[in-house]
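>
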Amino acid sequence: AQKITQTQPGMFVQEKEAVTLDCTYDTSDPSYGLFWYKQPSSGEMIFLIYQGSYDQQNATEGRYSLNFQKARKSANLVISASQLGDSAMYFCAMRSNTGFQKLVFGTGTRLLVSP
Amino acid sequence: DAMVIQNPRYQVTQFGKPVTLSCSQTLNHNVMYWYQQKSSQAPKLLFHYYDKDFNNEADTPDNFQSRRPNTSFCFLDIRSPGLGDAAMYLCATSSRTGVLNTEAFFGQGTRLTVV
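First to last, the sequence lines map onto chains A and B.
For the first sequence, my numbering gives the first residue as 282, with consecutive numbering after it.
For the second sequence, my numbering gives the first residue as 148, with consecutive numbering after it.
As structure tokens, then:
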């Protein structure tokens, strides 16, 4: 069974600083993908970054980077140079490439960026 | 340019009155998901389709049904909505491409109110 754990219900960061949002996962499948989504108060899910289980390098997308430590089963999201518009819920999710392609979400972390 | 479209954005229904939420996609993705998200919680997978194969989560109430008449459309039917079914309902699609995992694209959601 797949499981995603986000242990930080809320995080605070000052504008322009970097912040790390934690995510650990559990799966017995050798092939899987890890995703981070941002959900502003308007409700839509915005894809941020993806890391495949076989990827050798950590994924980066602009100010977002993923600190992937496969042996520890962690996939932390790093946001550099935080902006006020980064205030939102952030969800870590996992999708296994075997079985039924389920996309399973963690409980989320609410990030608040202050001026 | 919206690729996953959910209608309506807001739906008010009476207690016990059947309601249908719709989702359409222009991406030709073979996987479609329905999630229920209650306030300040993670999206909860209700069911998903891999092509025409329907996969129900074990804890999805029988009150929730789904139809996928073709690749582009998917419907969520709530046969007898209760007050506890008030939530945001998110539709998402993704494509299975061998060992690669691709992101799931989400619609903007339908916010269901039960009165």
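All C-beta atoms, glycine included, are put in the ideal place defined by N, C-alpha and C.
List, in order along the chain, the chain A residues whose C-beta lies closer than 7 angstroms to that of A251 (chain B)?
Going along chain A in sequence order, the residues near A251 (chain B) (Cβ under 7 angstroms) are L384.
> Nearest-angstrom Cα distance between L315 (chain A) and P165 (chain B)?
When rounded, the distance between both Cα atoms is 36 angstroms.
> Report all residues from its chain with a CB closer than 7 angstroms to the CB of A234 (chain B); omit the five preceding and five following residues, and keep chain order.
So the qualifying residues of the chain are Q183, Q184, K185 and L259.
> Straight-line CA distance for L192 (chain B) to Q364 (chain A)?
When rounded, the distance between both Cα atoms is 31 angstroms.
> Looking at the unbroken beta strand (DSSP E) that takes in S395 (chain A), where does it start and where does it end?
S395 (chain A) -> beta strand (DSSP E) spans T390 to S395.
> Shortest alpha-carbon distance to G256 (chain B) belongs to which of A:V300, A:D303, A:Q289 and A:S323?
Closest by alpha carbon: A:S323.
> List the residues of chain A whose Cβ lies closer than 7 angstroms to the Cβ of Y180 (chain B), in chain order.
Those are L384, listed as they occur along chain A.
> Return the CA-CA distance between E204 (chain B) and Q161 (chain B), expressed in angstroms with no decimal places.
Computed Cα separation, rounded: 26 angstroms.
> Of the choices B:S187, B:N210, B:Y180 and B:D206, whose alpha-carbon is the least far from that of Y197 (chain B)?
Per the Cα distances, B:Y180.
> Look up Q184 (chain B) in the DSSP assignment and give the residues it is bridged to.
DSSP lists B:M235 as partners of Q184 (chain B).
> Going by DSSP, name the residue or residues bridged to T257 (chain B).
Its beta-bridge partners are B:Y236.
> Exposed or buried, which one is Q320 (chain A) when buried takes at least 16 other CB atoms within 10 Å?
The residue is buried, with at least 16 neighbouring Cβ atoms inside 10 Å.
> Give the secondary structure of G366 (chain A) by DSSP, where H, G and I count as helix, E and B as strand, and everything else as coil.
DSSP places G366 (chain A) in helix when its eight states are reduced to three.
> With respect to the beta strand (DSSP E) encompassing L192 (chain B), which residues constitute its N-terminal and C-terminal limits?
K191 to Y197 is the span of the beta strand (DSSP E), which, as asked, contains L192 (chain B).
> Helix, strand or coil, according to DSSP, for L230 (chain B) in the structure here?
Note: L230 (chain B) maps to helix in three-state DSSP.
> Classify S241 (chain B) as buried or exposed, calling it buried when 16 or more other Cβ atoms lie within 10 Å of its own Cβ.
With 16 or more other Cβ atoms within 10 Å, it is buried.
> By DSSP, does T173 (chain B) sit in helix, in strand, or in coil?
Three-state DSSP puts T173 (chain B) in coil, outside helix and strand.
> Check the Cβ-Cβ distances between R258 (chain B) and every residue of chain A, and say whether any is below 9 angstroms.
For R258 (chain B), the answer is yes, since a Cβ of chain A falls inside 9 angstroms of its Cβ.
> Kindly indicate the opening and closing residues of the beta strand (DSSP E) around G333 (chain A).
Start and end: I327 to G333.
> Under 9 angstroms, Cβ to Cβ, is there at least one residue of chain B near F328 (chain A)?
With 9 angstroms as the cut-off, F328 (chain A) counts as an interface residue toward chain B.
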